[in-house]
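Chains as they are written, first to last, in my numbering: chain E, 113 to 248; chain Y, 113 to 248.
Note that CB positions come from ideal geometry on N, CA and C, so glycine has one too.
Okay, structure first, notes after.
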DNA sequence: TATTACCCTATAGATTTTATAGGATAAACA
DNA sequence: TGTTTATCCTATAAAATCTATAGGGTAATA
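Written out as structure tokens, the structure is:
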């Protein structure tokens, strides 16, 4: 299952990407438009800013805005920040690799084999999709 | 993340598929070979039996065994039983479709668009992989 | 300096996952 | 026929994770 965090994060990003002007948008405006709890969204946007996707401005007229062009934002990077590793098991993760305690030999493990294929299929999608693709 | 239930279920299935003779194998033997809690595995095997993947025999000499040839067992069916829907959001699920309360229009929803592609990529893998592929 | 709106961490509440308990049922075999 | 063996089945406890909120801090604007 996709977490609400990821879902809301993606919705916020698409909302910002759809803006004509690139001026800051308030959290509350995004929250209302996308039916998201404002406080929850606040923490999500914060992590997106810390990850380099968003910029922010404080005070009156403040809010969040996209730093990069939507065409330059790959879903693979967004998903890793919001949802975590692409792989469904750590033993096939490219960025968060860990051995399984219970598994004596990865190469003869059927789960490993299957999950490698699943990982690759997902990587393919996320690498070839940008934020722009989601709004067009 | 892949749940332990799914991981253990897949391991049990591959263990059974690897058997030369197709006589019943006791839960405890699978549990020990694959480092799984016996009682937890018991509930997993039960659901695999109820779903038609396994047969069982009670009493001395009893245990679980595969009903079909590993080449006839598609991962798509196994995954749906163990892990649930393939789709990451109900609004793109083929078998468990539900609308999102928060989303006024699926067709203009970026999350929907992305998750359709992810679903299709995963379906492709799970449909084209059999239990036999995992042990060979 | 008052107001606005993001910053940040901790933690409460809800849900799901993981695992166990404990007896019921059925088959094998002496 | 009675004992042993091993699955059947449901409820529930324990743990982990996800979702959401609280509540004050900080910086920018006017």
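Measure the C-alpha to C-alpha separation of residue i and residue j and round it to an integer number of angstroms.
{"i": "residue 184(Y)", "j": "residue 129(Y)", "result": "11 Å"}
{"i": "residue 115(E)", "j": "residue 157(Y)", "result": "28 Å"}
{"i": "residue 142(Y)", "j": "residue 163(Y)", "result": "19 Å"}
{"i": "residue 126(Y)", "j": "residue 117(E)", "result": "35 Å"}
{"i": "residue 165(Y)", "j": "residue 179(Y)", "result": "6 Å"}
{"i": "residue 201(E)", "j": "residue 169(E)", "result": "38 Å"}
{"i": "residue 124(Y)", "j": "residue 146(Y)", "result": "8 Å"}
{"i": "residue 209(E)", "j": "residue 229(E)", "result": "16 Å"}
{"i": "residue 220(Y)", "j": "residue 237(Y)", "result": "27 Å"}
{"i": "residue 155(Y)", "j": "residue 182(E)", "result": "47 Å"}
{"i": "residue 159(Y)", "j": "residue 216(Y)", "result": "37 Å"}
{"i": "residue 224(E)", "j": "residue 173(Y)", "result": "31 Å"}
{"i": "residue 139(E)", "j": "residue 149(E)", "result": "10 Å"}
Please list the terminal residues of the continuous alpha helix (DSSP H) segment that includes residue i.
{"i": "residue 246(Y)", "result": "243-247"}
{"i": "residue 238(E)", "result": "222-239"}
{"i": "residue 154(E)", "result": "150-162"}
{"i": "residue 144(E)", "result": "139-146"}
{"i": "residue 189(E)", "result": "187-194"}
Am I right that residue i and residue j are in contact with their C-beta atoms under 8 Å? What's the rounded C-beta distance?
{"i": "residue 187(E)", "j": "residue 226(Y)", "result": "6 Å"}
{"i": "residue 131(Y)", "j": "residue 137(Y)", "result": "6 Å"}
{"i": "residue 233(E)", "j": "residue 233(Y)", "result": "4 Å"}
{"i": "residue 120(E)", "j": "residue 153(E)", "result": "6 Å"}
Any beta carbon from chain Y within less than 9 Å of residue i's own beta carbon?
{"i": "residue 184(E)", "result": "no"}
{"i": "residue 157(E)", "result": "no"}
{"i": "residue 234(E)", "result": "yes"}
{"i": "residue 226(E)", "result": "yes"}
{"i": "residue 172(E)", "result": "no"}
{"i": "residue 247(E)", "result": "yes"}
{"i": "residue 206(E)", "result": "no"}
{"i": "residue 125(E)", "result": "yes"}
{"i": "residue 238(E)", "result": "yes"}
Determine, using beta carbons only, whether residue i comes closer than 9 Å to chain E.
{"i": "residue 153(Y)", "result": "no"}
{"i": "residue 241(Y)", "result": "yes"}
{"i": "residue 141(Y)", "result": "no"}
{"i": "residue 160(Y)", "result": "no"}
{"i": "residue 210(Y)", "result": "no"}
{"i": "residue 135(Y)", "result": "no"}
{"i": "residue 180(Y)", "result": "no"}
{"i": "residue 219(Y)", "result": "no"}
{"i": "residue 188(Y)", "result": "no"}
{"i": "residue 119(Y)", "result": "yes"}
{"i": "residue 132(Y)", "result": "no"}
{"i": "residue 230(Y)", "result": "yes"}
{"i": "residue 201(Y)", "result": "yes"}
{"i": "residue 223(Y)", "result": "yes"}
{"i": "residue 122(Y)", "result": "yes"}
{"i": "residue 194(Y)", "result": "no"}
{"i": "residue 114(Y)", "result": "yes"}
Decide if residue i is buried, meaning its Cβ has at least 16 other Cβ atoms within 10 Å, or exposed.
{"i": "residue 206(Y)", "result": "exposed"}
{"i": "residue 222(Y)", "result": "buried"}
{"i": "residue 241(Y)", "result": "buried"}
{"i": "residue 171(Y)", "result": "exposed"}
{"i": "residue 198(Y)", "result": "buried"}
{"i": "residue 191(Y)", "result": "buried"}
Over the uninterrupted beta strand (DSSP E) stretch that includes residue i, give me the two end residues.
{"i": "residue 169(E)", "result": "166-169"}
{"i": "residue 121(Y)", "result": "Counting along the chain, residue 121(Y) falls outside any beta strand (DSSP E), though it belongs to the alpha helix (DSSP H) covering 116-130."}
{"i": "residue 178(E)", "result": "175-178"}
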